[in-house]
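Residue numbers (the working numbering): 0 to 212. Below is one structure, written out as structure tokens; the observations come after it.
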Amino acid sequence: MSTLVWTRPETPPAATLLLAHGAGAPMDSAFMNKLAAALAAEGIAAVRFEFAYMAGRRTGGSKKPPPRAEKLIGEFQTALQAVMTETDGPLLIGGKSMGGRVAAMLGGGASLPGRVAGVCCFGYPFHPTGKADAEWRLPPLEDAKRPVLILQGDRDPFGSKTELDEVTLPAHVRLTYLEDGNHDFGPRGRSPATLDGNITAAAKATATFAQTL
Numbered sequence: 000m001s002t003l004v005w006t007r008p009e010t011p012p013a014a015t016l017l018l019a020h021g022a023g024a025p026m027d028s029a030f031m032n033k034l035a036a037a038l039a040a041e042g043i044a045a046v047r048f049e050f051a052y053m054a055g056r057r058t059g060g061s062k063k064p065p066p067r068a069e070k071l072i073g074e075f076q077t078a079l080q081a082v083m084t085e086t087d088g089p090l091l092i093g094g095k096s097m098g099g100r101v102a103a104m105l106g107g108g109a110s111l112p113g114r115v116a117g118v119c120c121f122g123y124p125f126h127p128t129g130k131a132d133a134e135w136r137l138p139p140l141e142d143a144k145r146p147v148l149i150l151q152g153d154r155d156p157f158g159s160k161t162e163l164d165e166v167t168l169p170a171h172v173r174l175t176y177l178e179d180g181n182h183d184f185g186p187r188g189r190s191p192a193t194l195d196g197n198i199t200a201a202a203k204a205t206a207t208f209a210q211t212l
């Protein structure tokens, strides 16, 4: 397992969020750095880790695609066990895109520790881009045994607000849209929204979610 990278608030955290990266960018990408800082500013300790395929790229490994999401559940669980030895209090699991999908899969498993209170998905990949009619990835959300919060850009090509308005999600799944956001929450230039503003809004929604659990 890769090294755990902590971003802690200045005061004791309301909760700790174990945060996995997306399929193509590492745990210290610009998005992940901004998100971790925003979460800490809202009183949530963010702890990041990397799946082995991504960590291998740092040591000269090939840029091979990630394994299938279900094959990463064990690595996420290993990171969770490590975090549980380092902190007390409520835990959340989540991630960016693919990382959030793996977290949701873990959230439906029989071995999920009782301390895990919820799942947070930042840009959930509801379907492959351009394939909304073919393959919806709803089972991890439907099977989750904890409340799920999804933070979604309203024009995310992996699941836009227009598309999701036609889908019925389980009652335990909460959906917060980020104004004019794409998959990385970035708005278009003419939008009054900003990337930093959307990331802050996502962090605030996460903190509110944690307080309700």
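For each residue, glycine too, the CB sits at the ideal point set by N, CA and C.
Who are the Cβ neighbours of residue i in its own chain at under 7 Å, not counting the five residues just before and after it?
i: D179; result: D153, R154, P186, R187, S190 and A192
i: A103; result: V118, C120, P139, L140, A143 and V147
i: P127; result: E134
i: H171; result: A143, P146 and V147
i: E101; result: Looking at the sequence shown, residue 101 is not Glu but Val. Counting only Cβ-Cβ distances below 7 Å, and skipping sequence neighbours, we find A19, A68, L71, I72, F75 and G94.
i: M53; result: H20 and P25
What residue range is occupied by the uninterrupted alpha helix (DSSP H) comprising residue i?
i: G94; result: Element bounds for G94: not the alpha helix (DSSP H) but the beta strand (DSSP E), L90 to K95.
i: Y52; result: A51 to R56
i: A37; result: A29 to A40
i: T84; result: I72 to E85
i: E9; result: Taken as a continuous stretch (DSSP letters only), E9 belongs to no alpha helix (DSSP H), as it is neither H nor E.
i: E141; result: P138 to D142
i: K62; result: Per DSSP, K62 belongs to no alpha helix (DSSP H) and is neither H nor E.
i: L163; result: K160 to L163
For residue i, which residues of its own chain have a beta-carbon under 6 Å away from its beta-carbon, when the five flanking residues on both sides are left out?
i: R114; result: L90
i: F30; result: D183
i: P169; result: E141
i: K203; result: E41
i: E74; result: F50
i: T86; result: T15
Which whole-angstrom value describes the C-beta separation of residue i and residue j, a residue pair presumed to lie in contact below a C-beta threshold of 8 Å?
i: G99; j: G108; result: So it is not a contact: roughly 15 Å between Cβ atoms.
i: K95; j: G21; result: 4 Å
i: A116; j: L194; result: Wrong, their Cβ atoms sit about 28 Å apart, outside the cutoff.
i: R47; j: V4; result: 5 Å
Would you call the CB atoms of residue i and residue j closer than 8 Å?
i: A51; j: A45; result: no
i: E49; j: P25; result: yes
i: R56; j: G106; result: no
i: Q210; j: A13; result: yes
i: T15; j: V82; result: yes
i: L163; j: F208; result: no
i: A35; j: L17; result: no
i: E9; j: A206; result: no
i: I149; j: L174; result: yes
i: K70; j: I198; result: no
i: G196; j: F157; result: no
When the cut-off is 8 Å and only beta carbons count, does residue i lie next to chain B?
i: G99; result: Here there is only one protein chain, and chain B is not present.
Where do the N-terminal and C-terminal ends of the beta strand (DSSP E) with residue i fall, by residue?
i: G196; result: Note, G196: premise wrong, no beta strand (DSSP E); alpha helix (DSSP H) at L194 to T211.
i: F121; result: V115 to F121
Sort out for me which residues DSSP pairs residue i with in a bridge.
i: R47; result: V4 and L18
i: R173; result: L148
Short of 8 Å in beta carbon distance, which residues of its chain neighbour residue i, apart from the five on each side in sequence? Order them along the chain.
i: K160; result: Q151, D153, R154 and Y176
i: T167; result: none
i: N181; result: G152, R154, D155 and P156
i: A201; result: L34, A37, F121, L150, T175, L177 and F184
i: K62; result: R56
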